[in-house]
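Numbering (my numbering), first residue to last: 7 to 322.
Virtual Cβ for every residue (Gly too), placed ideally from N, Cα, C.
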Ligand SMILES: *[C@@H]1O[C@H](CO)[C@@H](O)[C@H](O)[C@H]1NC(C)=O
């Protein structure tokens, strides 16, 4: 019995040693679990690398902005629009205001022919998002068109355009929007844009750098497809017009722009409500410029597509 027990112990001892040896041998062997571990470690290393790259990028100073546009350096375009109450007024003003909102550095001077500002125009201006000045002046009774009279008996919009000139010259009168006139030395240009015409957005860039008085063709006016200056060697030598070509300035209201400093330097220059038919533009321009000094725009007045279009039957 005693001997048997000893044998059992011996067998147990041998089996244990064998197990232990086997385990020790296995420890030194590469195991199947290593490749996935290696892959995970490699992924971690890649992520660490990416994180340190991103951190380095964050620490780098931001790149200088690529030549930011300087809208401050652009001369302001003052667009003068006379308007009066009628069925299509709102439609016309919506259309015009949305054209104007495509133009940078623009200031809209909207002048109502009314006794006091109307909610329609005040609301439209407030919603337009434009920089604007709201002015009001009623056309005197003697100059108002009577029922059924054609538009040319009295030129329309004269008092209103002159009101805008007064405001530009610091004589006040604004009932809404920007009330202070342009500060002295402001670079700008003044354009008379009636509310029933169509204006190309390029037109505004043509006029922006006007030094004195600039001119260009106007479409669908005076019974012609186009009316405008005749240009030779870069100078205005005459006008292509069907109506009274001997007027001092046979140009349409939509066909010229005046530099603001020039207008301010000639405080008496304004529109004359007693001017004969077709002479309203001349009544202002003859104070300002010699016809030979007009500055032709729109590629020497050949680019009619970048111009203004007066519709047939204009009332102003
Ligand atoms: C206008 O004409 C003048 C003289 O012919 C020329 O020097 C100038 O380049 C022209 N301007 C444009 C914009 O075509």
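By a C-beta neighbour count over all protein chains shown, 10 Å radius and 16 as the cutoff for buried, is residue 19 buried or exposed?
Here residue 19 refers to the residue found at position 13 when the chain shown is read from its first residue. Classification of residue 19: exposed, given that the 10 Å Cβ count is below 16.
Going by C-alpha to C-alpha distance, which of 180, 149, 207, 238 sits closest to residue 109?
One-based indexing of the chain shown puts residue 109 at position 103. Nearest option by C-alpha distance: 207.
Status (buried if at least 16 other CB within 10 Å, exposed otherwise) for residue 323:
This structure gives no information on residue 323, because the portion of the chain shown stretches from 7 to 322.
Going by beta-carbon coordinates alone, are residue 209 and residue 173 separated by less than 8 Å?
Stepping through the chain shown from its first residue, residue 209 is reached at position 203. Stepping through the chain shown from its first residue, residue 173 is reached at position 167. For residue 209 and residue 173, no; Cβs fall outside 8 Å.
Are there 16 or more other CB atoms within 10 angstroms of the CB of residue 279, so buried, or fewer, so exposed?
Working through the chain shown from its first residue, we reach residue 279 at position 273. Buried.
Considering only heavy atoms of ligand 1 and the C-beta of each residue, which residues fall inside 5 Å, strictly closer?
239, 240, 305, 306
Mind checking who residue 241 pairs with in its DSSP beta bridge?
Start at 1 with the first residue of the chain shown, and residue 241 comes out as number 235. In the DSSP output, where bridge partners are listed per residue, residue 241 has 238.
Nearest residue (CA-CA) to residue 81, options 243, 294, 188
Working through the chain shown from its first residue, we reach residue 81 at position 75. Of the candidates 243, 294, 188, the one whose C-alpha sits nearest the C-alpha of residue 81 is 188.
Which same chain residues, not among the five before or five after residue 123, have their C-beta less than 8 Å away from its C-beta?
The residue labelled residue 123 in the question sits at position 117 within the chain shown. Around residue 123: 140, 142, 181, 182.
Please look up how many angstroms separate the CB atoms of residue 191 and residue 265, rounded, as I've assumed it's under 8 Å.
Your numbering for residue 191 matches position 185 in the chain shown. Your numbering for residue 265 matches position 259 in the chain shown. Contact flag wrong, Cβ pair sits at about 13 Å.
Environment of residue 168 [buried if 16+ CB atoms lie within 10 Å]:
Taking the first residue of the chain shown as position 1, residue 168 is located at position 162. Classification of residue 168: buried, given that the 10 Å Cβ count is 16 or more.
Starting from residue 173, trace the alpha helix (DSSP H) in both directions and tell me its first and last residue.
In the chain shown, the residue the question calls residue 173 occupies position 167. Residue 173 -> alpha helix (DSSP H) spans 164-174.
Nearest CA to the CA of residue 241: which residue from 249, 220, 229?
The residue labelled residue 241 in the question sits at position 235 within the chain shown. Among 249, 220, 229, the Cα nearest to that of residue 241 is on 220.
Which class does residue 225 belong to by DSSP, given the choice of helix, strand or coil?
Taking the chain shown and counting its residues from 1, the one referred to as residue 225 is at position 219. Strand.
Between the segment 253-263 and the segment 195-204, can you find at least three pairs of beta-carbon atoms closer than 8 Å?
yes
Reducing DSSP to helix, strand and coil, say where residue 14 ends up.
Locating residue 14 in the chain shown gives position 8, where the first residue counts as 1. Note: residue 14 maps to helix in three-state DSSP.
Span of the beta strand (DSSP E) around residue 194:
Your numbering for residue 194 matches position 188 in the chain shown. Start and end: 194-198.
Span of the alpha helix (DSSP H) around residue 210
Along the chain shown, read from residue 1 onward, the residue named residue 210 stands at position 204. Segment 207-213, the alpha helix (DSSP H) holding residue 210.
CA-to-CA distance, residue 214 to residue 83, given in whole angstroms:
One-based indexing of the chain shown puts residue 83 at position 77. One-based indexing of the chain shown puts residue 214 at position 208. Between residue 83 and residue 214, the C-alpha separation is close to 6 Å.
Can you name, in chain order, every residue of its own chain whose Cβ lies under 6 Å from the Cβ of residue 254, other than the five neighbours on each side?
Position 248 of the chain shown, counting from 1, holds the residue named residue 254. Contacts found: 288, 292.
Please state whether the Cβ-Cβ distance between residue 307 and residue 243 is less than 8 Å.
Within the chain shown, residue 307 is the residue found at index 301, counting from 1. Within the chain shown, residue 243 is the residue found at index 237, counting from 1. Cβ distance not < 8 Å, so residue 307 and residue 243 don't count as in contact.
Just list the alpha helix (DSSP H) runs in the segment 248-282, keeping only unbroken ones of 4 residues or longer that don't cross its boundaries, in chain order.
266-271
Taking buried to mean at least 16 other C-beta atoms within 10 Å of its own C-beta, is residue 322 buried or exposed?
What you label residue 322 is simply residue 316 of the chain shown in a count that begins at 1. For residue 322, the pLDDT reaches just 31, beneath the cut-off of 50, and the residue's location in the model is therefore unreliable, although a value from the coordinates is still provided. Buried.
Would you report the Cα separation of residue 166 and residue 97, rounded to the nearest angstrom?
By one-based count along the chain shown, residue 166 stands at place 160. By one-based count along the chain shown, residue 97 stands at place 91. Roughly 20 Å between the two C-alpha positions.
Does residue 104 come out as helix, strand or coil in the three-state DSSP assignment?
Start at 1 with the first residue of the chain shown, and residue 104 comes out as number 98. Note: residue 104 maps to helix in three-state DSSP.
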